[in-house]
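Step one of this worksheet: look at the structure below.
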Amino acid sequence: MNNALAIVIPYFKNDFFEETLLSLQQQTDKRFTVYIGDDASEQSIDNLVDKFKNDIPIRYHRFADNLGSKSLTKQWDRCLKLINNETWACILGDDDCLSENFVECFYRALPNLKLQKSKLLRFATLKINEKGVALGSIQHNPKTQMAAEAFTEKYYGSKHSSLSEYVFSIASYNKYGFRDYPLAWCSDDMAWLEFSNGRNIVSCNEAYLKFRLSSKSISGTLNNKKKDAKRLFFRDLVLEKQNTFSRTIAIKNLKKYEVFLVITKELKKHHFMFFLKRFYKLRSLKECFKFTLRFSYNILK
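Each residue of the sequence shown is one higher than the last, beginning at -10 in the numbering used here.
Have a look at this one:
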């Protein structure tokens, strides 16, 4: 099944799941397989699987233990292991929906992906609420864009992104995997930096993901674990990915890491030389001086 598409759904809640399956049933191109990995949910979907299995190819597996509450990325991993021979995958949230031409546009984009030697295809997104009402307009993306630029627009600009709007190469996933951050927060952001492997992300703006924000989703709730995840994420950026970014963004990433150390009360005396050396390496004596003042205040207060 060369270049075939797997749509992987790590399932746990059925509040909007029928809408998710309905969006798959309505696809204009049926060349995909749906893999549902049930995270030992208390909300049975046997009836929904039976309802849609004649219209869309579904492979449903119920896991005996709940893993997502301990590690959401490991739940993603075991769901991805359900895949048969597909070479591309999308991890679709159990409350998100796809426009009816999503799969059609994926196959239409394959020649360009091959031409660009790209391992990532990004779709446009539309935020919706619990009632399915649009929250704003569809967000489109540049036709091609480096992952570092997409990261910059998300963290220092006005754009948003989500896990489900990307289709990625299984080969890239097998090489890098997903970082195991709390709640899998930022795990996708790190993945796109790594999966792209220095190549462009190709975008499809003719199809889109409906990304649902609700009180029942991680994205729609406040959680201190998100702060821990961001601290770890920016730590890894500083330690491993600074050469990926321009000097200006590298400095911003370093300062972000400092902020999350302060917020999570993890800033310690041994961090002084760590930050000072990195600001100096980025040729910013001004930032060295400003950091020294901030550090003294945060440590002594």
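Virtual Cβ for every residue (Gly too), placed ideally from N, Cα, C.
Close beta carbons around residue i, own chain, < 8 Å, minus the five adjacent residues each side
i      : result
Y0     : F6, I25, G26, D27, D28, S30, I34, D83
M(-10) : Residue confidence is low: M(-10) scores 48 on pLDDT, short of 50, so the model does not pin down where it sits. No coordinate-derived value is stated.
L172   : L61, I207, N212, K214, K215, A218
Limits of the unbroken beta strand (DSSP E) element including residue i
i    : result
T303 : Residue 303 falls outside the range modelled here, since the chain spans only -10 to 290, and no answer is possible.
I80  : 77 to 80
Counterpart residues of residue i in DSSP-defined beta bridges
i    : result
M179 : Bridge partners of M179: none, in fact.
N189 : M135
T22  : A(-5)
Q105 : The partner list for Q105 (beta bridge, DSSP) is empty, contrary to what the question assumes.
K199 : C86, L115
S158 : W77
CB contact flag (residue i, residue j, <7 Å)
i     : j    : result
T253  : A137 : no
Y165  : L115 : no
K132  : S192 : yes
L152  : I238 : no
K2    : I117 : no
I240  : L202 : no
N(-8) : L102 : no
L226  : N242 : yes
F284  : F261 : yes
Cβ-based neighbour list, residue i, same chain, cut-off 7 Å, excluding 5 preceding and 5 following
i    : result
C175 : A218, K219, F222
S273 : I240
A53  : A29
Whole-Å CB distance - residue i paired with residue j, under 8 Å assumed
i    : j    : result
F264 : F280 : 5 Å
L13  : L87  : 7 Å
I288 : K244 : Their Cβ separation, rounded to whole angstroms, is 17 Å, which puts I288 and K244 out of contact at 8 Å.
L109 : F157 : 6 Å
V111 : N130 : For the record, residue 111 in the displayed sequence is Arg; it is not Val. Their Cβ separation, rounded to whole angstroms, is 6 Å, which keeps R111 and N130 in contact under 8 Å.
L69  : A78  : 6 Å
E195 : C94  : 5 Å
Cutoff 6 Å; reference residue i; Cβ partners in own chain excluding five residues on either side
i     : result
K143  : S150
S60   : D169
F21   : L(-6), I(-4), V92
Q134  : I190
L256  : L250, N287
K19   : none
E183  : Y165
K63   : L56
I(-2) : I25, L81, D83
Q15   : E89
The alpha helix (DSSP H) enclosing residue i, as first and last residue numbers
i    : result
W65  : 61 to 69
I47  : Where I47 is concerned, there is no enclosing alpha helix (DSSP H), although the beta strand (DSSP E) it sits in stretches over 47 to 51.
I252 : 236 to 252
N12  : Here residue 12 is Ser; the residue named in the question, Asn, does not match the sequence. It spans 6 to 14 - the alpha helix (DSSP H) in which S12 sits, taken as one unbroken run.
F268 : 260 to 270
A218 : 213 to 225
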